[in-house]
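Peer 1:
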Amino acid sequence: MFKILKYSFFDLMRSRWSYVYFAFYLLLGIVLLFLNNDLSKAVITLMNVIIILVPLIGTIFGVMYYYNSKEFTELLLAQPLKRSSIFLGQYLGVAISLSMSLILGLGIPFVFYGLFMSNAIWDFSLLLITGVFLTLIFTALAFNIALSNENKIKGFGYAILLWLFLAVIYDGLFLMSLLFFEDYPLDKLSLIGTVLNPVDLSRTLILLKLDISALLGYTGAIFKQFFGTNFGLIVSISMLSVWVVMPVLRIIFKSKKKDF
Amino acid sequence: MPLKKHHIFTAILIFVLGHTLVAQTITVCKTCDIKTLQGGIDAAQANDTVYIEKGTYKEIDVLVNKPLTIIGKDYPVIDGEMKGEIITIVANNVTVDGLFIKNVGTSYTADYAAIRLKRVENFVIKNLVLEKLFFGIYVEKSKNGKVFHNKIIGDAEEEYNSGNGIQLWYSHNIQIEHNFIQRVRDGIYLEFSDDCIIKNNVSSHNVRYGLHFMFSNDDVYQDNLFEKNGAGVAVMFSKKIKMYNNIFRENWGTASYGLLLKEINDAEIMYNTFEQNTIGINTEGSNRIRYENNNFISNGWAVKVLGACYSNTFKGNNFLYNSFDMAYNSKVHDNEFDGNYWSNYTGYDLDKDGIGDVPYRPVKLFSYIVNRTPETIILLRSLFIDIIDFSEKVSPVFTPDNLLDNNPKIKRITW
Amino acid sequence: MVSVENLHKKFGKNEVLTGLDLEISEGGIFAVLGPNGSGKTTLIKSILGMVIPDKGTISIHGKSIKKDSNYRKQIDYLPQIANFPSNLKVKELIKMIKDLRGNSTNEAELIEMFKLEPFIDKKLGQLSGGTKQKVNILLTFMFDSPLVILDEPTTGLDPIALIRLKNLIKAEKAKGKTLLITSHIMSFVEEISDEIVFLLEGKIYFKGTIPALKAQTSQPDLEHAIANILTENHV
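Chains as they are written, first to last, in the working numbering: chain G, 1274 to 1533; chain L, 116 to 530; chain S, 359 to 593.
Now the structure itself:
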């Protein structure tokens, strides 16, 4: 698996898209910091960008990589290698190279700006951790979609739909159901609703840092326990891990059954 | 003989005069003739100084009924053993300095205090340390006094069985400075007390309010720090209060505010910092208030306006990284927002005059939704919410459409 | 060498293999022929483990290939479409496959044979189709495995390279290896193969030598013999 990972990673590290992705984050970091000159504001803007863009790029890139390397995959399949190693290797190659672009692209301008001397470093680290989680999750979901769809166009379509659903539509439905059931106690429902969507989950993780003052304004006891203690952080991180593990397991399962 | 008689009379005269005109000192200690604080006070004449040496004095209901200066040396402990009130001052011109008073009795019927001042003038209460108290320094119907440099550390957990650190009741012209107050019900409480100055105090971790005004007018509080109080600072039913240069920080909770204003008129709120409070300022039925040059940083809601609030002005404030800058529960709007800096502002400044070319709308649709269904707060900063906020910004339906800052600043305001 | 028993496979509603049995003995060149969609590639891919059969067993050297990827060490496979990661250089691809499979024996010789030196530092994306096919061949033959599977090996090759390929195949056979080849070029098949495996509708229709096939169909050459089978079966 690590050999495949290595080759996929180096393959991607050389691809134009990794540079585009890296350059995009680099530019974003520089623009936010040096034109804006406000670290806290930059972190907030970055949060919005990361939560929306990282899943989008993870899905598109994952699907694209899978379809583009189809023949190469077939070459590998004829080698004495386990299927799970081939796909996990490729998956990790994509996810790690995307994460690297993210971390370096944002990290470099922030380090130059003097991040280590600022107390925004924790917010920023949390941001990067969340970004990495989202990359891992959405690349895995993308691989799942690609593995289940031979048709490239269909695969891309589903990938975009998945992103659109989790990033926007889900929250719309979520909001409507909260408003619809507003006469009932909702704190459990709202927390469950959050945990079921990795985008919302990572958003919550960041809310814990940036908006704790507002979150503590709400009365519900479960809410209080979730946001007022480390409980929320622990639950969010473990649920994000579950969100990584589940699609990865499906990659293994699906890849074993698939014909090429 | 007549001469001799005359001499004796003169001697007596000199003795008596000397005693009243030149203040005497009396020392109280465990090995002295006078072993109790009350004993010292009883032995003293008006205007004497009573020194209390180091030691523990278990006394309650100590009555100071003449002008005296009572000075503790190396913080002698006055222990009330939880039995009741410890010192009551009923004479003018009393100074109490340097005592460590602890174990004030708790009662549901009487407000026992560590020190109570009753209908007196020109008092000074300073350098006291109060611990395990019910009420701390209770000033009633008094005038022209100073309460400064005291340290009041309570252990209050519930509102109903705790008292206030410093309480003024029908008292005027009192200066409260450089006190450090923790873990009581209200750090400083003023009721029917006018023309007081509250300055440079630190009031934190109190069960209810760090500072609380009721029916008190023309008071000033400035340069204080209020931190992690149950409900922040409350100013209620008062007029012409000046609030300058205070810091309100980390007041978290459902009914927790940096500053709560209720039925307040003609106040000035300037140069204050509101940082990381659930609600920076919660204002209800308050009119003609000037909010100028305040910093609102990382609050849940920087300002929440409830009920009828008219003719208030918000000028030159910095609104930085608040989850919500402003919440409004009505469509009626008669307040002025002008020339503030809003970190959430996304407009541009093409003519480079430092003022954004597009007005800023401080009230978002989402703040209405959260107001209605609080659980929806969990969707804060979601893209979907941004989209509906944006559409509301473009064509306001739920928010007052004239609620605008027409001159949003491009850069953070400094002063 | 390879034995396939009762192999079934369908893709969706399309039944590609319907109870195929095949026994391939050790040594020699076997050409797998059949019309489009007869299941040639599916058969080969099943042997390679790329397609998972619905039913039936495949064993190589008497060992079932299920749940074990190591048997592929005994197979060299030339895929039909040579498409490699375009960011890799030829050199790196060779290194990588070597890294994955173990050391190769004769890569230098093969590079020489197909005149690949000028391309060795080029990226795979920059190569022409024919050159890619040469790299493909190189990757297949640089290992010394007892079973060689070639799927349409002649695609895109120039005549010189084609001759070299034929020589290579013959040399491999001489070493006692087993070669499985699919091709549409009948002259190529006729020239090199010892036995023909003819697939029709997911089953083996004919297995035997070329002369036997000609005799059975009473046709003078292979091309006509095949055409004869197809017309008789209304394909």
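Don't be surprised by glycine CBs; every beta carbon is placed ideally from N, CA and C.
Let me check understanding here. Comparing Cα to Cα, which of S:Val555, S:Leu496, S:Phe442, S:Thr567 lies closest to Leu378 (chain S)?
Peer 2: S:Val555
Peer 1: What's the call for Ala1368 (chain G), buried or exposed, on a 16-neighbour Cβ count within 10 Å?
Peer 2: buried
Peer 1: Helix, strand or coil for Tyr1443 (chain G) per DSSP?
Peer 2: helix
Peer 1: Among residues of its own chain, excluding the 5 on either side of Asp270 (chain L), which ones have a beta-carbon nearer than 7 Å to its beta-carbon?
Peer 2: Hits under 7 Å: Lys247, Arg298.
Peer 1: Can you pull the DSSP bridge partners for Thr164 (chain L)?
Peer 2: L:Thr140, L:Thr184
Peer 1: From this set, L:Thr224, L:Gly213, L:Asn207, L:Lys217, which residue's C-alpha is nearest Lys233 (chain L)'s C-alpha?
Peer 2: L:Asn207
Peer 1: Are the C-beta of Gln391 (chain L) and some C-beta of chain G separated by less than 7 Å?
Peer 2: Yes, Gln391 (chain L) counts as interfacial toward chain G.
Peer 1: State the CB to CB distance for the pair Leu505 (chain S) and Val360 (chain S), rounded to an integer number of angstroms; the pair is presumed to be in contact (CB under 8 Å).
Peer 2: 7 Å
Peer 1: Check Met116 (chain L) in the structure and name its three-state DSSP category.
Peer 2: The predicted position of Met116 (chain L) is uncertain, since its pLDDT is 47 and thus under 50; a value taken from the coordinates is nonetheless stated next. Three-state result, Met116 (chain L): coil.
Peer 1: Could you list which residues in chain S have their beta carbon closer than 8 Å to that of Ser1509 (chain G), in chain order?
Peer 2: Those within 8 Å of Ser1509 (chain G) in chain S number zero; the least Cβ separation is about 37 Å.
Peer 1: Can you name the start and end residues of the alpha helix (DSSP H) that Val1517 (chain G) belongs to?
Peer 2: 1504 to 1530
Peer 1: Confirm, please, whether the CB-CB distance from Ile296 (chain L) to Ile252 (chain L) is below 7 Å.
Peer 2: Not closer than 7 Å, so no.
Peer 1: Verify the CB distance criterion: does Pro523 (chain L) have a CB-CB separation below 7 Å to chain G?
Peer 2: Chain G contact via Cβ: absent.
Peer 1: Name the residues in the stretch 408 to 435 of chain S whose C-beta lies less than 8 Å from a C-beta of chain G; which are they?
Peer 2: If the cut-off is 8 Å between Cβ atoms, the stretch 408 to 435 of chain S has Met408, Val409, Ile410, Ser427, Asn428, Tyr429, Arg430, Lys431, Ile433, Tyr435 near chain G.
Peer 1: As an exercise, report each continuous beta strand (DSSP E) stretch of at least 3 residues that is fully enclosed by the stretch 263 to 351 of chain L, in chain order.
Peer 2: 266 to 268, 281 to 284, 287 to 292, 295 to 297, 303 to 306, 312 to 314, 317 to 319, 326 to 329, 335 to 337, 340 to 342, 348 to 351
Peer 1: Measure the alpha-carbon distance for Val143 (chain L) versus Phe263 (chain L) and round it to whole angstroms.
Peer 2: 24 Å
Peer 1: Pick out whichever of G:Val1336, G:Gly1501, G:Ser1475, G:Val1293 has its Cα sitting closest to the Cα of Ile1426 (chain G).
Peer 2: G:Val1336
Peer 1: Please find out if some non-hydrogen atom of the ligand FAD comes closer than 6 Å to the beta-carbon of Ile175 (chain L).
Peer 2: Among the ligands in the structure shown, none appear at all, so the ligand FAD cannot be discussed.
Peer 1: Which of the three DSSP states, helix, strand or coil, is assigned to Phe442 (chain S)?
Peer 2: coil
Peer 1: Taking Cβ positions, are Asn361 (chain L) and Asn339 (chain L) nearer each other than 7 Å?
Peer 2: yes
Peer 1: May I ask which residues mark the beginning and end of the beta strand (DSSP E) holding Asp504 (chain L)?
Peer 2: Per DSSP, Asp504 (chain L) belongs to no beta strand (DSSP E); it is in the alpha helix (DSSP H), 498 to 509.
Peer 1: Kindly identify the DSSP beta-bridge partner or partners of Trp457 (chain L).
Peer 2: L:Phe434
Peer 1: Closer than 6 Å by C-beta to Ile312 (chain L): which residues in its own chain qualify, once you throw out the five before and the five after it? Chain order, please.
Peer 2: Gln290, Val335
Peer 1: Under three-state DSSP, which class holds Met1286 (chain G)?
Peer 2: helix
Peer 1: Pick helix, strand or coil for Leu1326 (chain G), following the three-state DSSP scheme.
Peer 2: Here Leu1326 (chain G) sits in helix by DSSP.
Peer 1: Residues of chain S with CB closer than 7 Å to the CB of Tyr1280 (chain G), please, in chain order.
Peer 2: What Tyr1280 (chain G) touches in chain S: Met454.
Peer 1: Please say whether Val390 (chain S) and Lys403 (chain S) have beta carbons closer to each other than 7 Å?
Peer 2: no
Peer 1: Asp1484 (chain G) and Leu495 (chain L): beta carbons closer than 7 Å?
Peer 2: yes
Peer 1: For Met116 (chain L), is the classification buried or exposed, using 16 other Cβ atoms within 10 angstroms of its Cβ as the cut-off for buried?
Peer 2: Low confidence applies to Met116 (chain L): its pLDDT is 47, below 50, so where it sits in the model is not reliable, and the reading given next is rough at best. Exposed, because fewer than 16 other Cβ atoms sit within 10 Å of the Cβ of Met116 (chain L).
Peer 1: Count Cβ pairs between the stretch 445 to 455 of chain L and the stretch 1457 to 1470 of chain G that sit closer than 8 Å; are there 3 or more?
Peer 2: no
Peer 1: Can you have a look at Pro578 (chain S) and say buried or exposed, based on whether 16 or more other CB atoms are within 10 angstroms of its CB?
Peer 2: exposed
Peer 1: So, does the CB of Ile396 (chain L) fall closer than 7 Å to a CB anywhere in chain G?
Peer 2: By this cut-off, Ile396 (chain L) is not an interface position.
Peer 1: Could you please give me the residues that DSSP links to Ile252 (chain L) through a beta bridge?
Peer 2: L:Ile230, L:Ile281
Peer 1: Between Asn372 (chain S) and chain G, is any beta-carbon pair separated by less than 7 Å?
Peer 2: no
Peer 1: If you draw a straight line from the alpha carbon of Lys572 (chain S) to that of Phe564 (chain S), how long is it in whole angstroms?
Peer 2: 11 Å
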